[in-house]
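> In the working numbering, the protein residues as written are 1308 to 1387.
(1) Confirm, please, whether the CB-CB distance from residue 1335 to residue 1359 is below 7 Å.
(2) Helix, strand or coil, according to DSSP, for residue 1321 in the structure here?
(3) Is the beta carbon of residue 1328 closer than 7 Å to that of residue 1352?
(4) Using a threshold of 6 Å, is the CB atom of residue 1334 nearer than that to any non-hydrogen atom of the ligand GDP?
(5) Grab me the residues of residue 1339's own chain with a C-beta within less than 6 Å of its C-beta, minus the 5 sequence neighbours each way, in chain order.
(6) Can you check whether the CB of residue 1364 is closer than 7 Å to the CB of residue 1298?
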């Protein structure tokens, strides 16, 4: 296989599902911490937290290390 065929083969491969999940976790956590999150409904926040929890559980069970959202941090956000 020549190098051009190897490059084409490499670009066709799907990304690692754990990498995709980790990106989703970081994006969702960033959204949760953003000032715009204060305008979300309780139902939307609950769904977001549930998804964060699901992603966190799966990723940590696979050995990934992730930042954690603490209740104290969220309480502080509501006060600000």
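Backbone N, C-alpha and C define an ideal beta-carbon position, used for all residues, glycine too. Predicted, not measured: the structure shown is a model, and the values here were computed from it.
According to the structure shown:
(1) yes
(2) If DSSP states are grouped into helix, strand and coil, residue 1321 belongs with coil.
(3) no
(4) This structure simply doesn't include the ligand GDP, nor any ligand for that matter.
(5) 1355
(6) The structure shown has nothing for residue 1298, since the chain only spans 1308 to 1387.
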